[in-house]
Amino acid sequence: MEQFKLFDDREHLLLPEHLMEYVPGFFTKMESERYLKTFLETVSWQQTKITIYDKEMLTPRLCAWFGDRPIRQDDMRPPIPWTEELLEIKSKVENHTGIRFNGVLLNYYRDGNDSVAWHSDKDTIVGLKTEIASVSFGQPRNFDFRNKENHKQQYSLELGNGSLLLMKGDLQKYWEHRIAKSSKTMKARINLTFRKVA
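First residue of the sequence shown: 1, per the UniProt record's numbering; consecutive thereafter.
Below is the structure:
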């Protein structure tokens, strides 16, 4: 299926601004390398299990949840307390977006075999718009979007090292996204998605 770039030749965002904001180089290269190294060495990464068509499988990436409360109300596991580095990043993201977040999901993509399938994020406070701030460190990866009702309407955005992507409004309602596997040689990438959860 043909994928269209999310920016036109003039670098104008093709999706409406009320749905998305992309800021390349939100963190400097030095900051990004420091955060990547810190998270690779200090986070207690976990590989969770998912059930697809009655078959239990390991997720093709590693994860960790930090914050004030569990990611879901039915999740009895306590969140990992905020670290100094995460609070630094959180403060800068909140100052830019004007949004307060109470949790962050870290995803570790070890190489091109690690991925996340098509989905829309639902871990949020019921009744509020789902606003998620996504920060990327390390290997740039393509972030694909497609319209839920028309899969031919599909875009791809390369999330660069140190970038910030703010997903806003009804984006999760009408669009879904993924990080596809890649046959190219890929180095480590860590993605932080800051969220508001109940």
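A virtual CB, placed ideally from N, CA and C, is assigned to each residue, including glycine.
Between ASN102 and ASP68, the beta carbon gap of about 4 Å places them in contact (Cβ cut-off 8 Å).
Restricted to the UniProt domain "Fe2OG dioxygenase" (100–198), the alpha helix (DSSP H) segments that are unbroken, complete and at least 4 residues in length are 171–174, listed in chain order. With 16 or more other Cβ atoms from the protein chains shown falling within 10 Å of its own Cβ, GLU131 counts as buried. With a cutoff of 8 Å on beta-carbon distance, THR97 and SER134 are scored as not near each other. Taking the Cα positions, ILE179 is about 7 Å away from ALA117. When the beta-carbon positions are compared, SER136 and ASN191 come within less than 8 Å of each other. Taking the Cα of GLY112 as reference, the smallest distance to any Cα among MET30, ARG61 and GLU85 is reached at ARG61. The alpha-carbon separation between ARG110 and GLU17 amounts to approximately 31 Å. As the crow flies, the alpha-carbon of ALA198 is around 15 Å from that of ARG77. Secondary structure note for GLU33: its alpha helix (DSSP H) is the uninterrupted segment 29–42. Classified as buried, LEU157 has 16 or more neighbouring CB atoms from the shown chains inside 10 Å of its CB. A distance of 8 Å or more separates the beta carbons of LYS187 and GLN154. Distances from the alpha-carbon of ARG72 to those of LEU105, ASN142 and LEU86 put LEU105 closest. Assignment of ILE89 by DSSP, reduced to helix, strand and coil, places it in the helix class. Secondary structure at GLU17: coil, using DSSP grouped into helix, strand and coil.
Going by DSSP, GLY25 is part of no beta strand (DSSP E) at all; its letter is neither H nor E.
Beta-bridge partners of ILE80 (DSSP): PHE66.
TRP65 and TRP82 have their C-alpha atoms spaced approximately 10 Å apart. Between SER182 and the set GLU31, ASP144 and GLN47, the nearest pair of CA atoms involves ASP144.
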